[in-house]
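Novice:
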Amino acid sequence: MPDVTDAPPAIRFSHVSKVFGGVKALRDVPFEVGQGEVHCLAGENGCGKSTLIKIITGVYQPETGAEMDLFGERLSAITPTIARQKGIAVIWQDLALFAEMTVAENIAFETMLGNRPRFVDYAALRAKAEAALARLDVTLDLDARLGTLPIAQRQVVAIARALVGEARLIFMDEPTASLTQAETDALLAVVRTLSARGVAVVFVSHRLAEVLEISSRVTVLRDGRLVGVYPTEGMTQARLTELMTGKTFDHQVMARETSADPVMLEVAGLSRKGEFRDVSFVLRRGEVLGLTGLIGAGRTELAHVLFGMTQAEEGRVLLDGREMRFASNRDAVAAGVAYVSEDRLALGLIQPQSISDNAVLSVLRRITGRAGLLSPKAQDDLVAHWVRELAVKIGQPGDAVSTLSGGNQQRVVLAKWLATEPKVLILDCPTVGVDVGARAGIFRIVRDLAAKGLAILLISDEVSEVHVNADRVLHMAGGRIVGEYDPRQTTLPELEAAVYA
Amino acid sequence: MRDFLRAYPAEAKLLVVLALLVAGLSVAAPEFLTLVNITSLINNNAVNLIWAVGLLVVLIAGGIDISFAVGASVVQYLVVMALIGMGGGGWAVGIALAMAFGIGLGLINAALIHGFRIISIVVTISTFNAFFGLLMFFTSGKSIYSLPDWLSRPIYLWELQTEIGWADIRLPVAVMAVCLLATWFLIRRTTTGRQLYAFGDNPEGARRAGINIWLMQAIAFGWCGMMAGIAGLMQAHVTKEVVPNALIGRELDVLAAVVLGGARLGGGRGSVLGCVLGVALVAVAQNGLNLLGVSPYAFKMVVGIIILAAISTSNIDLAALLAPKRRDRE
């Protein structure tokens, strides 16, 4: 951090409250970020993080009584324009970039703003873009179409764009949600460069490991109130989770001995060109088998083959002792394989449709009456059964899925697949976008299902998740299974060292 | 060369296809590559190309316009009635009126789209019907055959006698050139044009960046309306008459040509060069079939096949094919 002893803080807010229709989203919250500081804003969904950001950036006005200082200047009100002029920038999760335009145009986009038409000065535009990238110590092809860049580089473009606007404080909303480990490291390096040049960065992230690594202090909110501001030095993930949720979580390893149970799924020498090679393992009845590794290790590709969405070139898959050749995922479903995909929002659920319709989507044939028409009664019974079984918190079965929280949406996806009465359930990163508190609930369901005899393949890039919840853990890297671990004999740090090495 | 391919992949591919088509036709049909045939092709497609660049701006801004050809009919009628009413007028007045009426119709579309937040295809299908219905109702479908003298007299900008007849370039070609240049200037060289691309590409991102959304819709549809009006007047000039239902259906031909030229339905992509190539490819293909003695009924089918082929091969990336060579040099 640069010498900021005399500099006023970038942000010093106090007594910030906000009420929406009688609901108190924020209650008397203070927030302070020093110039050049890397700060983390942590809390579960609905804790008031986004409301606070929107107040600081002028989107919402706080209730009276709030004191707002930006860079040492007391402000009576903040509008989006004032916030921008003061150097406050937000990089939203969706980045708000233009895929069809070049990198240079995206970075220096503000030079093209204004209602009065002017000539585009492409030379000045490139110079600005180049200068912004230089400040980040990054080189990118300025003429490349943005859409051809990987997400990680688009993020750099978004940051560079904020710098062109002379940003002195940048909010980053879940910036690493879709990045690989290497890309995350590169992003964190950029954040350090920014900080060294006096630009403050406020991280909003669910991934606690990187939050602790990068920031110097963390502000924790819960239910619209400040829990506290803590130095990250000496803070552990477990402690931070506790602060965010107000609950203590049992991090005890759940693994149990499964080697005597009958084999449900056997995979031998499975290969698919460019994705994975020579993958062999067994999954037993009632077992939770963890599969971890970095993004790009081939985990999801493997799941796609097991679910019949793509076909392996070599190797065999035996389900309940019988060799399977799935031509499509319809075959896989019929044979008793269920797959809960990683991208729940886009692939797993039809957001605007009702909870009930989503839940029965995979079993429409079972709820049709004699004439081949859907039977509302059968549908209601089935939905009621699973809502009860999985403890899904819903208003009405007829409400749109999009009205549910992440954790409850995940339960609806589970219900949809469990209704097919599968023998093997593949869960691909089931907790992405789900709060720390709600994760525990999902894993409780996973353990219950296993106890009832379901064979579960649990894929996750969060090593701690598989360590706690799986009976055995497979480590995949570069398209191969490179290790098998027993959580009862391997500690979490050992496993993490192996995976993140 | 590679930079061009990377910036204009669809256009580059179209250029290759067009070149092959021209080469093939000049061998198969001797009349094809003659000055008389080429100049008549250009004269006959000037109006389409004016429409095309107008529609291009709407497509770039993420919209679509089905109503412009019918709008052109409305403008034709209104302008000619106004000119007759004022006792004749002249080119300056005629063009100015055509632009003004055209912009007016475009702004109606823009206001409906922005004011009621309805997607453009629904709005312009409605206005397509409304414009056409009103026109047929008030005109009772009657055509105007007695245009002001200056409007119906062909203007030759250049002519040359060849062994097989006269080759010439007429006024609509010059007007088309001006429209092309103006559109290119708007979308490539002005900040407003780049905002149109950004708006079409990511409307929410554009809104957050502070772009005036209403202004974008107004400019895009206003520009399209203006081009439609100019094209309508040129059409009346060429055919020496105003027939209320003469232009209906042309919108889909133009739309197909513009999309063929690389403009993306959904916004953010498209170029004037692409429009020229798209219109040219369809025109050359039809002309070639005609010269080869193929039944006119087969034209539409062949055009459909060309468009399908072009769209379905749009994943072939010429820039990527050339990439390895470049790596060798480095």
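Residue numbers (our numbering), protein chains in the order written: chain P, 5 to 505; chain C, 68 to 397.
From the three backbone atoms N, C-alpha and C, an ideal C-beta is built for every residue, glycine too.
(1) In the DSSP assignment, the beta strand (DSSP E) including K28(P) goes from what residue to what residue?
(2) Which partner residues does M480(P) have in the DSSP bridge list?
(3) What residue range is occupied by the uninterrupted alpha helix (DSSP H) comprising A139(C)?
(4) So, is E425(P) buried or exposed, given that buried needs 16 or more other C-beta atoms within 10 angstroms?
(5) Consider the Cβ of D7(P): report whether some Cβ of chain C lies at a distance smaller than 9 Å.
(6) I need the straight-line Cα distance from G200(C) to V142(C), nearest angstrom please.
(7) Check distances from the C-beta atoms of the region 250-276 of chain C to those of chain P and list, in chain order, the residues that come in under 7 Å.
(8) Please report how far the alpha carbon of N354(C) lies from the alpha carbon of I151(C), in whole angstroms.
(9) Would you call the CB atoms of V369(C) and A352(C) closer than 9 Å?
(10) What does D147(P) touch in chain C if you count any residue whose Cβ is under 8 Å from its own?
(11) Is the beta carbon of T85(P) less than 9 Å from the beta carbon of G62(P)?
(12) Between which two residues does the alpha helix (DSSP H) containing I297(C) stretch?
(13) Return no unless some Cβ of chain C is closer than 9 Å to the Cβ of D432(P).
(14) Tell me whether D395(C) is buried or exposed, calling it buried when 16 or more other Cβ atoms sit within 10 Å of its Cβ.
(15) Beta-carbon separation of C342(C) and A350(C) under 9 Å?
(16) Hey, which unbroken runs of the alpha helix (DSSP H) at 4 residues or more fall wholly within the region 135-199 of chain P?
(17) Is I372(C) buried or exposed, if buried means 16 or more other CB atoms sit within 10 Å of its CB?
(18) Start and end of the alpha helix (DSSP H) containing M166(C)?
(19) By a C-beta neighbour count over all protein chains shown, 10 Å radius and 16 as the cutoff for buried, is V224(P) buried or exposed?
(20) According to the neighbour-count rule (16 or more other Cβ atoms, all chains shown, within 10 Å of its Cβ), is L81(C) buried or exposed?
(21) Using only the alpha-carbon positions, how far apart do E114(P) and Q413(P) sit?
(22) Measure the C-alpha to C-alpha separation of I374(C) and G328(C) and round it to an integer number of angstroms.
(23) For the beta strand (DSSP E) that contains Q89(P), what are its first and last residues?
(24) For G345(C), count neighbouring Cβ atoms within 10 angstroms of its own Cβ and tell me buried if that reaches 16, exposed if not.
(25) Based on Cα-Cα distance, which residue from Q241(P), G238(P) and R221(P) lies nearest to G232(P)?
(26) By DSSP's criteria, D432(P) is part of a beta bridge. Which residues make up the other side?
(27) G62(P) CB to nearest chain A CB: under 9 Å?
(28) Please compile the residues from chain C whose C-beta is within a distance smaller than 8 Å of the C-beta of L144(P).
(29) Taking 8 Å as the limit between beta carbons, can you name the residues of its chain near A159(C), skipping five residues before and five after?
(30) L282(C) versus chain P: which residues are under 7 Å apart at the beta carbon?
(31) Cβ of V124(P) less than 9 Å from any chain C Cβ?
(32) Could you give the DSSP three-state label for P497(P): helix, strand or coil?
(33) With C-beta atoms as the reference, is G300(P) less than 9 Å away from A331(P)?
(34) To the nearest angstrom, how far is the alpha carbon of I359(P) from that of I185(C)?
(35) Just the chain P side, please: which residues come within less than 8 Å of G173(C) by C-beta, in chain order?
(36) In this structure, how does DSSP classify Y234(P) when only helix, strand and coil are distinguished?
Specialist: To lay it out plainly:
(1) If you number the first sequence from 1, residue 28(P) lands on position 24. Note, K28(P): beta strand (DSSP E), V27 to V37.
(2) As a first step, residue 480(P) is located in the first sequence; it is residue number 476 there, counting from the start. Answer by DSSP bridge pairing, in chain order: I485(P).
(3) Numbered from its first residue, the second sequence carries residue 139(C) at position 72. Its alpha helix (DSSP H) spans residues F135 to G152.
(4) Residue mapping note: residue 425(P) aligns to position 421 of the first sequence, counting from 1. It counts as exposed.
(5) The residue you call residue 7(P) lines up with position 3 of the first sequence. Because D7(P) sits at a pLDDT of 48, beneath the cut-off of 50, its placement in the model cannot be relied upon, and the following sentence gives the value as read from the coordinates. Not an interface residue.
(6) The count along the second sequence starts at 1 and reaches residue 200(C) at position 133. The count along the second sequence starts at 1 and reaches residue 142(C) at position 75. Going by the C-alpha atoms only, they are around 14 Å apart.
(7) R256, T257, T258, T259, R261, Q262, Y264, A265, D268, N269, E271, G272, R275 and A276
(8) Working through the second sequence from its first residue, we reach residue 354(C) at position 287. Working through the second sequence from its first residue, we reach residue 151(C) at position 84. In a straight line, the C-alpha of N354(C) is about 36 Å away from that of I151(C).
(9) Position 302 of the second sequence, counting from 1, holds the residue named residue 369(C). Position 285 of the second sequence, counting from 1, holds the residue named residue 352(C). Going by C-beta atoms, V369(C) is nearer than 9 Å to A352(C).
(10) In the first sequence, residue 147(P) corresponds to position 143, counting from 1. Simply D70, R73 and A74.
(11) On the first sequence, residue 85(P) is found 81 positions in, with the first residue counted as 1. On the first sequence, residue 62(P) is found 58 positions in, with the first residue counted as 1. Yes, Cβ-Cβ distance for T85(P) and G62(P) is below 9 Å.
(12) Numbered from 1 along the second sequence, position 230 holds the residue referred to as residue 297(C). I297(C) -> alpha helix (DSSP H) spans I280 to T306.
(13) Along the first sequence, read from residue 1 onward, the residue named residue 432(P) stands at position 428. With 9 Å as the cut-off, D432(P) does not count as an interface residue toward chain C.
(14) Here residue 395(C) refers to the residue found at position 328 when the second sequence is read from its first residue. Confidence at D395(C) is low in this model, with a pLDDT of 35, below 50, so its placement is unreliable and the value that follows should be read with caution. That one is exposed.
(15) Locating residue 342(C) in the second sequence gives position 275, where the first residue counts as 1. Locating residue 350(C) in the second sequence gives position 283, where the first residue counts as 1. Their beta carbons are not under 9 Å apart, which means C342(C) does not touch A350(C) by this criterion.
(16) 155-168
(17) Within the second sequence, numbered from 1, the residue matching residue 372(C) stands at position 305. Exposed, since its Cβ has fewer than 16 Cβ neighbours within 10 Å.
(18) Indexing the second sequence from 1 puts residue 166(C) at position 99. W158 to F183 is the extent of the alpha helix (DSSP H) around M166(C).
(19) What you label residue 224(P) is simply residue 220 of the first sequence in a count that begins at 1. Buried.
(20) Within the second sequence, the letter at position 14 stands for residue 81(C). Classification of L81(C): buried, given that the 10 Å Cβ count is 16 or more.
(21) Here residue 114(P) refers to the residue found at position 110 of the first sequence. Here residue 413(P) refers to the residue found at position 409 of the first sequence. Taking the straight line from one Cα to the other gives about 38 Å.
(22) Taking the second sequence and counting its residues from 1, the one referred to as residue 374(C) is at position 307. Taking the second sequence and counting its residues from 1, the one referred to as residue 328(C) is at position 261. Roughly 10 Å between the two C-alpha positions.
(23) Stepping through the first sequence from its first residue, residue 89(P) is reached at position 85. Note, Q89(P): premise wrong, no beta strand (DSSP E); alpha helix (DSSP H) at P84 to Q89.
(24) Stepping through the second sequence from its first residue, residue 345(C) is reached at position 278. It counts as buried.
(25) Along the first sequence, one-based indexing puts residue 232(P) at 228. Taking only the C-alpha atoms, the option nearest G232(P) is R221(P).
(26) Translated into the one-based positions of the first sequence, residue 432(P) becomes position 428. Answer is I463(P).
(27) The structure shown contains no chain A; the protein chains it does contain are P and C.
(28) In the first sequence, the residue the question calls residue 144(P) occupies position 140. Going along chain C, no residue has its Cβ under 8 Å from L144(P), so there is no contact; the nearest lies around 15 Å.
(29) If you number the second sequence from 1, residue 159(C) lands on position 92. Closer than 8 Å at the Cβ level, and outside the excluded window around A159(C), lies no residue.
(30) For the purposes of this step, residue 282(C) is identified with residue 215 of the second sequence, where counting begins at 1. Near L282(C) (Cβ distances below 7 Å), the residues of chain P are N119.
(31) In the first sequence, the residue the question calls residue 124(P) occupies position 120. It does; some Cβ of chain C falls within 9 Å.
(32) Taking the first residue of the first sequence as 1, we reach residue 497(P) at position 493. Residue state, collapsed to three classes: helix.
(33) On the first sequence, residue 300(P) is found 296 positions in, with the first residue counted as 1. On the first sequence, residue 331(P) is found 327 positions in, with the first residue counted as 1. No, the Cβ-Cβ distance between G300(P) and A331(P) is not below 9 Å.
(34) Here residue 359(P) refers to the residue found at position 355 of the first sequence. Here residue 185(C) refers to the residue found at position 118 of the second sequence. Spanning the two alpha carbons is a distance of roughly 28 Å.
(35) Working through the second sequence from its first residue, we reach residue 173(C) at position 106. Near G173(C) there are no residues of chain P at all, since even the closest Cβ is about 17 Å away, more than 8 Å.
(36) Stepping through the first sequence from its first residue, residue 234(P) is reached at position 230. Three-state result, Y234(P): strand.
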